[in-house]
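Novice: First the structure, then my questions, so here it is.
Chains as they are written, first to last, in this note's numbering: chain A, 1 to 228; chain B, 1 to 743.
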């Protein structure tokens, strides 16, 4: 499988993602520039974290108009794999390949810290390889990560098993105390109905190198590689 | 200020711009004529304290500058550059942004972050980690809370977007900073290829301005930073620059891409004094001149005056000299990143800089006459020992009654904002972007950044206990350097080099200057001892307020930024206790000393005491032994004794893994001094029971005292069989105190 990582102006986790995919996971990675108009034959597109276009209007709102996004949207709509991490997730919700929106954290502050995630969807490639009910430690770093969707949309999200991860504690308990940003139902990541598009606020690429003392993020990438 | 900028300036105008009357005379002598208003403006910023170091350079030159790892001479480039092995260099520097942060904390701090990072990448290095050192007034004051929130958000918003992690730092509160907070930002980058020098050369080569357009923000910020903060300072608000981290990120990528080509002759970022400073310094460094057409500079407003363009401190700009014929390379790269790249001038022979506006020459100045090391004035300031210095030394520990309840003291220290967890601050910073931060999941005394694809890592720290420096500038600064080195050594690194940020009061006040001179002497002695040359940094004077006719300076605060190299990543030492039953030893001597401790100041309210016990030779010996213990892998945790004393050190080691400790004190030393005194040169280590014999065998042969304090427990905190509580309840106090204070 060939991955493609898109660099928007203001992306700052693009190199981290490339390093993780290439060095920690031994995958082939194509560098995609936001002005590109084709996906160079990649199977799996990654929209990395950062502050695309400075996030000045609203996170992800301007990036969706980049030339490459036309291709990414077409790829996703055809069933091709797309993953958005943090700012990438925000772009996917804006585009809108994914449901819902990401609002300012309820603390009104940027938050960077390790959190625990409980995998939920048993049908999406990124979460189904993880041990059910067992928490994984993955860091977050965002100011606008509070997942929100209207009630009818939420109903569909649940009916289709679209919730990928929920913020929890070390033991896997999901409750208000383990919700770092006020996300609806502690939702940290979702997928689309077709289960080919994944979005999540936490950064698995920051937890995939033994030098950093946490390799839980690798479990997510392994799940993708084993289930696609 | 409405002026015909071509009219000859008067001495009154010069004084209004911040020059001294005798400096105006000197300018006339240099030029052989009376300067016009624009030229006078140029001299006023270039000869401001901020750019010229006129009142500090004499003493700065006495700092140790040579070391085996130095790749550029101190002060010659925008930042220091040292060899860290495997063909890589580390570019690093610390800089203050105190004055802007005092009146506009958000933008003041944000642009401080922007400025220090430009100093790193203008040399061709990619910044990989940042630290910052912040000082504020009393935390209960509303103004302090406003400053803390603004500064932290400013640093976070800029750094998070720019995408360089903040991996450590310090935050300190004291009433001396009520009006003058200190915001010192440090950045370190890795240079893999050739360094880009801030030197212009080759007459005929084109000169480009790249990055953001030039606006009216930050005009004469350097002159502003060279004054006291007064009630009228808010009127200087246009002197504060406005930051745009998105532009900075683009500029970073474009600059590094440009650095990989052979098109660049020299480059300098625009910080203080904008186009003026970058054009003059680059020209003076290369012994050439420039013709600059200011009307070609992209501006944000229409009808900007020549002097406004010259002095604007708009952020995210660089001046670049390109090899003639390679203009297209630059233009293509900047086009790719959607940034301005305008040719505004040409390098000339002869060393004169001519500035033109719409075809008319508006200023003509010899570059050399404007810069530090050239024609900028150098002053020899007088200094005298203030009376308080001897008064503080009269302090006697016996005048302080030992509290009956030391548990209560312990809790008061755990929630003291100078000791409590800084989580409220650092969680607002992206500490992990770049996937290099090794101290996220395994904490050490220094911040550690992985150097990917090598066996090495870079350790870094910023340290200064300004209360000690106030009590004794020379010893206090030796302690600051020693603590920095100790933090590096305890983390498994070898101290390499220093950058300093010297925050003081008015240099024209002999007692303030005495503090400055003492600090320099102390820094020299300690840096020589540890073999850590001073590569550069910055000086910030006038951190004071005049109240009722009396100058109220901040504590003298010579912040030390130090980097060290970890040669073997597998030997990084962490500070957390590993498991129940591990033995706890203290290395170094305990003393009946509570001088200048947080305990003495905050619990007893005594502000007058000397610096704590310190001996440079003993400190050095201790650090050498620590290196040996780490190298031989005889300890499994190490943490230096610093603010709050031994008890706080033990708590910090215990809390990370929710463990406790059971220790005994020394009968010959007052229990409060043993637990909360801040005598220097002490390190606490954890030793696995199985390694006790090897540890003792090793220590037996060394000339440093070591004492078994006790052992790690499952969670109970016990001193001399007296229960101090359980770790989780103490941790709760420690973790949340700062956030509660600020809310």
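Glycine included, C-beta positions come from ideal geometry on N, C-alpha and C.
1) Starting from the Cα of residue 313 of chain B, find the closest Cα among B/112, B/407, B/174 and give me that residue.
2) What residue ranges within the region 262–326 of chain B form continuous alpha helix (DSSP H) runs of no fewer than 4 residues, ordered along the chain?
3) Is it true that the CB of residue 660 of chain B sits closer than 7 angstroms to the CB of residue 654 of chain B?
4) Just the chain A side, please: which residues come within less than 7 angstroms of residue 743 of chain B by C-beta, in chain order?
5) Residues of chain B with CB under 9 angstroms from residue 110 of chain A, in chain order?
6) Flag this pair as touching only if the region 26–42 of chain A and the region 94–102 of chain A have three or more C-beta atom pairs under 8 angstroms; answer yes or no.
7) Can you tell me whether DSSP reads residue 255 of chain B as helix, strand or coil?
8) What is the DSSP secondary structure of residue 707 of chain B, counted as helix, strand or coil?
9) Starting from the beta carbon of residue 22 of chain A, find every residue of chain B whose beta carbon is closer than 7 angstroms, and list them in chain order.
10) Which residues in the same chain have their Cβ closer than 7 angstroms to the Cβ of residue 106 of chain B, if we skip the five residues on either side of it in sequence?
11) Leaving aside the five residues before and after residue 425 of chain B along the sequence, list all residues of the same chain whose C-beta is less than 7 angstroms from its C-beta, in chain order.
12) Please report the distance separating the alpha-carbon of residue 642 of chain B from that of residue 35 of chain A.
13) Check whether the Cβ atoms of residue 141 of chain A and residue 112 of chain A sit closer than 7 angstroms, and answer yes or no.
14) Can you list, in chain order, the residues of its chain whose CB lies under 8 angstroms from that of residue 7 of chain B, leaving out five sequence neighbours each side?
15) Confirm the yes/no value for this check: CB of residue 619 of chain B, any heavy atom of the ligand GTP, distance under 6 angstroms.
16) When Cβ atoms are compared, which residues of the region 235–263 of chain B fall closer than 9 angstroms to chain A?
17) Counting beta carbon pairs with one atom in the region 67–84 of chain A and one in the region 190–200 of chain A, are three or more of them shorter than 8 angstroms?
18) Alpha carbons only, please: which of B/39, B/687, B/669, B/489 is nearest the one belonging to residue 578 of chain B?
19) With distances taken between CB atoms, is the gap from residue 744 of chain B to residue 498 of chain B smaller than 7 angstroms?
20) Pull up the DSSP beta-bridge partners for residue 33 of chain A, would you.
21) Can you tell me which of B/423, B/288, B/109 puts its alpha carbon nearest to the alpha carbon of residue 739 of chain B?
22) Run through the region 375–437 of chain B for me and flag every whole beta strand (DSSP E) of 3 or more residues, listed as ranges in chain order.
23) Using three-state DSSP, classify residue 127 of chain B as helix, strand or coil.
24) Tell me, please, whether the CB atom of residue 99 of chain A is closer than 7 angstroms to any CB atom in chain B?
25) Thinking C-beta only, is residue 219 of chain A closer than 7 angstroms to residue 191 of chain A?
26) Starting from residue 142 of chain A, follow the beta strand (DSSP E) in both directions and report where the run begins and ends.
27) Between residue 235 of chain A and chain B, is the shortest Cβ-Cβ distance under 7 angstroms, so that the two count as touching?
28) At 7 angstroms on the CB atoms, spell out the chain B contacts of residue 165 of chain A, in chain order.
29) Might you give, ordered along the chain, the residues of its own chain that have their beta carbon closer than 6 angstroms to the beta carbon of residue 221 of chain A, omitting 5 neighbours on each side?
30) Classify residue 500 of chain B: buried if its beta carbon has 16 or more other beta carbons within 10 angstroms, exposed otherwise.
31) Hey, how far is the Cα of residue 159 of chain B from the Cα of residue 101 of chain B?
32) When you compare the region 201–211 of chain B with the region 341–360 of chain B, are there three or more beta-carbon pairs, one atom per stretch, that lie closer than 8 angstroms?
33) Can you tell me which of the three DSSP states residue 750 of chain B falls into?
34) For a test of the three-state rule: what should DSSP assign to residue 23 of chain B, helix, strand or coil?
35) In three-state DSSP terms, what is residue 195 of chain B?
Specialist: The answer reads as follows:
1) Mapped onto the second chain, residue 313 of chain B falls at position 313. Ranking B/112, B/407, B/174 by Cα distance to residue 313 of chain B puts B/112 first.
2) Qualifying alpha helix (DSSP H) stretches, in chain order: 274–286, 306–311.
3) Here residue 654 of chain B refers to the residue found at position 654 when the second chain is read from its first residue. Here residue 660 of chain B refers to the residue found at position 660 when the second chain is read from its first residue. Cβ distance < 7 angstroms, so residue 654 of chain B and residue 660 of chain B count as in contact.
4) What you label residue 743 of chain B is simply residue 743 of the second chain in a count that begins at 1. What residue 743 of chain B touches in chain A: nothing, since even the nearest Cβ is about 11 angstroms away.
5) One-based indexing of the first chain puts residue 110 of chain A at position 110. Per Cβ cutoff of 9 angstroms: 153, 156, 157, 160, 427, 428, 429, 430.
6) Between the region 26–42 of chain A and the region 94–102 of chain A there are fewer than three C-beta pairs closer than 8 angstroms, too few to call the two in contact.
7) What you label residue 255 of chain B is simply residue 255 of the second chain in a count that begins at 1. Helix.
8) For the purposes of this step, residue 707 of chain B is taken as the residue at position 707 of the second chain. Three-state DSSP puts residue 707 of chain B in a strand.
9) By 1-based counting over the first chain, the position of residue 22 of chain A is 22. Ordered by position in chain B, no residue passes the 7 angstroms Cβ test against residue 22 of chain A, which lies about 11 angstroms from the chain.
10) Within the second chain, residue 106 of chain B is the residue found at index 106, counting from 1. Around residue 106 of chain B: 150, 153, 154.
11) The residue you call residue 425 of chain B lines up with position 425 of the second chain. Excluding residues within five positions, the ones whose Cβ falls inside 7 angstroms are 152, 171.
12) On the second chain, residue 642 of chain B is found 642 positions in, with the first residue counted as 1. On the first chain, residue 35 of chain A is found 35 positions in, with the first residue counted as 1. Taking the Cα positions, residue 642 of chain B is about 52 angstroms away from residue 35 of chain A.
13) By 1-based counting over the first chain, the position of residue 141 of chain A is 141. By 1-based counting over the first chain, the position of residue 112 of chain A is 112. Cβ distance < 7 angstroms, so residue 141 of chain A and residue 112 of chain A count as in contact.
14) Sequence index remark: in the second chain, residue 7 of chain B carries index 7 (1-based). The residues 36, 37, in chain order, have a CB closer than 8 angstroms to that of residue 7 of chain B in the same chain once the five nearest residues on each side in sequence are set aside.
15) You won't find the ligand GTP in this model; it holds no ligand whatsoever.
16) Those residues of the region 235–263 of chain B that come within reach of chain A (Cβ to Cβ, closer than 9 angstroms) are 244, 245, 246, 247, 249, 250, 253.
17) Three or more pairs of CB atoms, one per stretch, sit closer than 8 angstroms, so the region 190–200 of chain A contacts the region 67–84 of chain A.
18) Taking the first residue of the second chain as position 1, residue 578 of chain B is located at position 578. Out of B/39, B/687, B/669, B/489, B/687 has the C-alpha closest to the C-alpha of residue 578 of chain B.
19) Here chain B has residues from 1 to 743 only, and residue 744 of chain B is not among them.
20) Start at 1 with the first residue of the first chain, and residue 33 of chain A comes out as number 33. In DSSP, residue 33 of chain A forms a bridge with A/7.
21) Here residue 739 of chain B corresponds to residue number 739 of the second chain, with the count starting at 1. Closest option to residue 739 of chain B, Cα to Cα, is B/423.
22) The beta strand (DSSP E) runs of length 3 or more contained entirely in the region 375–437 of chain B do not exist; there are none.
23) As a working mapping, residue 127 of chain B is identified with position 127 in the second chain. Reduced to three states, the DSSP call for residue 127 of chain B is strand.
24) Here residue 99 of chain A refers to the residue found at position 99 when the first chain is read from its first residue. No, no contact with chain B.
25) For this step, residue 191 of chain A is matched to residue 191 along the first chain. For this step, residue 219 of chain A is matched to residue 219 along the first chain. The answer is no: Cβ separation not under 7 angstroms.
26) The residue given as residue 142 of chain A occupies position 142 in the first chain. Run containing residue 142 of chain A: 136–142, per the beta strand (DSSP E) assignment.
27) Any property of residue 235 of chain A remains undetermined from this structure, which presents chain A solely from 1 to 228.
28) As a position in the first chain, residue 165 of chain A is number 165, starting the count at 1. Simply none; closest approach about 18 angstroms.
29) As a working note, residue 221 of chain A is residue 221 in the first chain. Counting only Cβ-Cβ distances below 6 angstroms, and skipping sequence neighbours, we find 25.
30) Counting from 1 along the second chain, the entry for residue 500 of chain B is found at position 500. By the 10 Å Cβ count, residue 500 of chain B comes out buried.
31) As a working mapping, residue 159 of chain B is identified with position 159 in the second chain. As a working mapping, residue 101 of chain B is identified with position 101 in the second chain. Roughly 16 angstroms separates the two Cα atoms.
32) These segments touch.
33) Shown here, chain B extends from 1 to 743; a query on residue 750 of chain B therefore has no answer.
34) What you label residue 23 of chain B is simply residue 23 of the second chain in a count that begins at 1. In this structure, residue 23 of chain B counts as helix in the three-state DSSP scheme.
35) Locating residue 195 of chain B in the second chain gives position 195, where the first residue counts as 1. In the structure shown, residue 195 of chain B sits in coil (DSSP, three-state: anything other than H, G, I, E or B).
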